[in-house]
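Line by line, the protein sequences are chains A and B. Residues 1 to 199 (the working numbering) are what the first sequence spells out, left to right. Residues 1 to 199 (the working numbering) are what the second sequence spells out, left to right. For every residue, glycine included, the Cβ atom is placed at its ideal position computed from N, Cα and C. Here the structure is laid out as structure tokens; the discussion comes afterwards.
2 protein chains.
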Amino acid sequence: MNVHWDEHQEPLGTALTLIHSRQSTTSRFLGDPGPDRAQVETILDAAGAAPDHRRLTPWRLVIVPMQKRHLLAEAFADALSERDPEATEAQRKEASEKAYRGPLLVAVIARLSPELGSVPTPERLLSAGCALQNMLLAAHAMGFGGGLLTGKSIYSARLKQFFQLGDTEQLLCFMAVGAVLRGKPTTTRPAMNDYTTTL
Amino acid sequence: MNVHWDEHQEPLGTALTLIHSRQSTTSRFLGDPGPDRAQVETILDAAGAAPDHRRLTPWRLVIVPMQKRHLLAEAFADALSERDPEATEAQRKEASEKAYRGPLLVAVIARLSPELGSVPTPERLLSAGCALQNMLLAAHAMGFGGGLLTGKSIYSARLKQFFQLGDTEQLLCFMAVGAVLRGKPTTTRPAMNDYTTTL
Numbered sequence: 001m002n003v004h005w006d007e008h009q010e011p012l013g014t015a016l017t018l019i020h021s022r023q024s025t026t027s028r029f030l031g032d033p034g035p036d037r038a039q040v041e042t043i044l045d046a047a048g049a050a051p052d053h054r055r056l057t058p059w060r061l062v063i064v065p066m067q068k069r070h071l072l073a074e075a076f077a078d079a080l081s082e083r084d085p086e087a088t089e090a091q092r093k094e095a096s097e098k099a100y101r102g103p104l105l106v107a108v109i110a111r112l113s114p115e116l117g118s119v120p121t122p123e124r125l126l127s128a129g130c131a132l133q134n135m136l137l138a139a140h141a142m143g144f145g146g147g148l149l150t151g152k153s154i155y156s157a158r159l160k161q162f163f164q165l166g167d168t169e170q171l172l173c174f175m176a177v178g179a180v181l182r183g184k185p186t187t188t189r190p191a192m193n194d195y196t197t198t199l
Numbered sequence: 001m002n003v004h005w006d007e008h009q010e011p012l013g014t015a016l017t018l019i020h021s022r023q024s025t026t027s028r029f030l031g032d033p034g035p036d037r038a039q040v041e042t043i044l045d046a047a048g049a050a051p052d053h054r055r056l057t058p059w060r061l062v063i064v065p066m067q068k069r070h071l072l073a074e075a076f077a078d079a080l081s082e083r084d085p086e087a088t089e090a091q092r093k094e095a096s097e098k099a100y101r102g103p104l105l106v107a108v109i110a111r112l113s114p115e116l117g118s119v120p121t122p123e124r125l126l127s128a129g130c131a132l133q134n135m136l137l138a139a140h141a142m143g144f145g146g147g148l149l150t151g152k153s154i155y156s157a158r159l160k161q162f163f164q165l166g167d168t169e170q171l172l173c174f175m176a177v178g179a180v181l182r183g184k185p186t187t188t189r190p191a192m193n194d195y196t197t198t199l
């Protein structure tokens, strides 16, 4: 999906178009060309502008480059076997395919150590969400699609080991970014009144 | 702080300016004029464009209008007494003052019921963070300041009761929006290399 920019729009209109025209792309439908090195930096830099109470940077990012995807693929397969020792080779193969999604694939990791500062976990995850949205919006503004990958493997010991996470770190999701190979119908969004009440 | 828009900027530049020029304003320094009714709707509508796995809308918003702030003020004071039965009247008064912050004050509540669908809590909080960032960016694009209010009272039984939260709901923060009465020096942000590694 593309941003339908009106070049003569005023900045507020541009901001609202950016926010409302973004929608997640299933990572299966993301392909080449992905962002180049400078574009990756621009996208990931946007994360740093998220609200961050007491400036803990309570999350970090790990880029999984193409040449390391086969290792992540093995980890995904093992994560499946970890929670289902009966998993077949076909199921392991299917689980491993997620590793190849998106020309840009970034693991988002929460840093939950109390030693970082006295900010409770939910607030840290909110900051991670804000960082994620900034990155998705920046990617969208460049014309890329973006999608989040999650699933039970996120919580596996195998992936924790793969990313060498500390005891107080937690893998939250993967962000995949690339060219949109196949669009989908516009998502219906909830409107303000669906989720807002007034006291 | 204002957005330093360059009217001739292309859309990507506008998006990056929006993201990087936003910074939180201490809610003490937010005042009138706040957003009018239509602007409130525009800001809160932006939340609905957040990524939302399986479309649970795993969060909801409650506007606390000015005429109800004194009730929230009592709740803040009681929340303090709840965790510190020795709190003095002066301390209770100080705690209660947060209720008057921002012409627009919105409680952000996570909906964590397993019955909503099989999406784990961290993912739901990420969605709430994305929604929050969309709202802060929309408010910023209009020239308003925004800040998040949290603190121990967020987790009190008294506030849970005040907002009539369900057993599986959790108050995450308050978002305050209004005119910036007093700016502050530009925040130093972490840069991509401070929080990013490559596998």
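Asked, Found
"List, in chain order, every chain B residue whose beta-carbon is nearer than 7 Å to that of A:S156.", "What A:S156 touches in chain B: nothing, since even the nearest Cβ is about 13 Å away."
"Whole angstroms are fine: how far does the CA of B:L148 sit from the CA of A:R54?", "12 Å"
"Would you call the region 12 to 24 of chain B in contact with the region 135 to 153 of chain B, where contact means no fewer than 3 C-beta pairs closer than 8 Å?", "yes"
"According to DSSP, simplified to helix, strand and coil, what is A:F144?", "coil"
"Taking a contact to mean a Cβ-Cβ separation below 8 Å, would you say B:T198 touches A:P58 in this structure?", "no"
"Could you say which of A:P122, A:F29, A:A95 and A:E94 lies nearest to A:V177 if we only look at CA atoms?", "A:F29"
"Let's see if you can read the secondary structure: which residues bound the alpha helix (DSSP H) around A:N43?", "This sequence places Ile at residue 43 of chain A; Asn is not what is there. Segment R37 to A47, the alpha helix (DSSP H) holding A:I43."
"Which whole runs of the alpha helix (DSSP H) in the region 142 to 180 of chain B are 4 residues long or more, in chain order?", "157 to 162"
"Could you tell me the distance, in whole angstroms, from the CA atom of A:R111 to the CA atom of B:P35?", "35 Å"
"With 9 Å as the limit, tell me which residues of the region 45 to 68 of chain A have their beta carbon closer than that to any beta carbon of chain B; keep them in chain order.", "D45, A46, A47, G48, A49, A50, P51, D52, H53, R55, T57, W59, R60, L61, V62, I63, V64, P65 and K68"
"Apart from the five residues on each side of it in sequence, which residues of its chain come closer than 6 Å, Cβ to Cβ, to A:K184?", "none"
"Using DSSP with H/G/I as helix, E/B as strand and the rest coil, what is A:A110?", "strand"
"Just reading off the alpha helix (DSSP H) that A:R69 is part of, what are its end residues?", "R69 to R83"
"Which of the three DSSP states, helix, strand or coil, is assigned to B:G129?", "helix"
"Rank A:D52, A:L80 and A:Q170 by C-alpha distance to the C-alpha of A:K160 and give the top, closest one.", "A:Q170"
"What's the call for B:D45, buried or exposed, on a 16-neighbour Cβ count within 10 Å?", "buried"
"Using the Cα positions of B:S27 and B:T186, report the straight-line distance between them to the nearest angstrom.", "16 Å"
"Can you tell me whether A:P11 is buried or exposed, with buried defined as 16 or more other CB within 10 angstroms of its CB?", "buried"
"Could you tell me whether the Cβ of B:Y100 comes closer than 8 Å to any Cβ of chain A?", "no"
"For A:P185, decide whether its Cβ has a neighbour in chain B, counting only Cβ atoms nearer than 8 Å.", "no"
"Based on the DSSP output, what are the partners of B:G13 in its beta bridges?", "DSSP output for B:G13 lists no bridge partner at all."
"Does the separation of the CB atoms of B:A128 and A:L126 fall below 8 Å?", "yes"
"Taking a contact to mean a Cβ-Cβ separation below 8 Å, would you say A:M192 touches A:M135 in this structure?", "no"
"Does any residue of chain B bring its CB to less than 8 Å from the CB of A:T88?", "no"
"Give me the residue from A:V106, A:G102, A:A73 and A:P103 with the minimum Cα distance to A:K93.", "A:A73"
"Check the Cβ-Cβ distances between B:P122 and every residue of chain A, and say whether any is below 8 Å.", "yes"
"Does the beta-carbon of B:S118 have 16 or more other beta-carbons within 10 angstroms, so that it is buried, or is it exposed?", "exposed"
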